[in-house]
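In the numbering used here, the protein residues as written are 30 to 234.
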């Protein structure tokens, strides 16, 4: 087992992103070209909707049922609703979405539901892999789900959280589609900066 430190956790997150990038590049038989402004927009969107949604969903669930749906074990914040490690949790999901959209997905402009459904389903699988592999390597969960309703995969994920992923998939897909129509010009940097100010406020307050 590896010791959990900031360094080892960052290496873990970056390593998974790198491995996926290289696998997709091997499938395409060329390095997938990364437009950093576009990729950073994807990463920012997923970080924003991820942590905002986690705070909202977990608190609403606890208010209704009297217990939280999950708790973060890795660098927890806000009582375990979110993690200071979010850039390499939700950011990784944004990077994954960017690579897939660049290399594989070519959705028509009038297609709205399909990208959200695909992203939601993929997010669930990624969660199981990301959390499960971390558990194997570090003997600790990144996040621990309290419901035990997924058999041997219990506590890595749970059925109750699945609708949340589809909602995130829908809103991020719609915003990405809108930004693609507008173009990734210099003004998108102002939007990204605003989103990160909102993220900072969520983390700090």
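Cβ atoms here follow ideal geometry from the backbone N, Cα and C, with glycine treated the same way. These numbers were taken from a predicted model, which means no experiment stands behind them.
Do you know offhand how far residue i's Cα is from residue j's?
i: residue 99; j: residue 62; result: 36 Å
i: residue 189; j: residue 153; result: 11 Å
i: residue 88; j: residue 55; result: 42 Å
i: residue 34; j: residue 47; result: 20 Å
i: residue 177; j: residue 187; result: 7 Å
i: residue 42; j: residue 210; result: 31 Å
i: residue 218; j: residue 125; result: 21 Å
i: residue 227; j: residue 233; result: 10 Å
i: residue 135; j: residue 52; result: 19 Å
i: residue 155; j: residue 129; result: 13 Å
Whole-angstrom Cβ separation of residue i and residue j, contact assumed at under 8 Å?
i: residue 72; j: residue 111; result: With 8 Å as the limit, residue 72 and residue 111 do not qualify as a contact, their Cβ atoms being about 16 Å apart.
i: residue 31; j: residue 166; result: 5 Å
i: residue 132; j: residue 57; result: 6 Å
Taking Cβ positions, are residue i and residue j nearer each other than 8 Å?
i: residue 78; j: residue 201; result: yes
i: residue 157; j: residue 182; result: yes
i: residue 149; j: residue 194; result: yes
i: residue 101; j: residue 109; result: yes
i: residue 113; j: residue 67; result: no
i: residue 236; j: residue 145; result: Given that the chain is displayed from residue 30 to residue 234, the structure contains no residue 236 and the question cannot be resolved.
i: residue 76; j: residue 115; result: yes
i: residue 175; j: residue 105; result: no
i: residue 38; j: residue 103; result: yes
Residues in its own chain within less than 8 Å of residue i by CB, not counting five upstream and five downstream?
i: residue 159; result: 45, 118, 121, 171
i: residue 84; result: 107, 110, 111, 231
i: residue 221; result: 69, 70, 73
Suppose the cutoff is 7 Å on Cβ atoms and the five residues either side in sequence are ignored; what does the same chain contact list for residue i look like?
i: residue 191; result: 153
Counting only the same chain and skipping the five closest in sequence on each side, list residues whose C-beta sits under 6 Å from that of residue i.
i: residue 164; result: 170
Looking at chain B, is there any beta carbon in it that lies within less than 8 Å of the beta carbon of residue i?
i: residue 160; result: Given the protein chain composition of this structure (a single chain), no chain B is represented.
In the DSSP assignment, what are the bridge partners of residue i?
i: residue 100; result: 173
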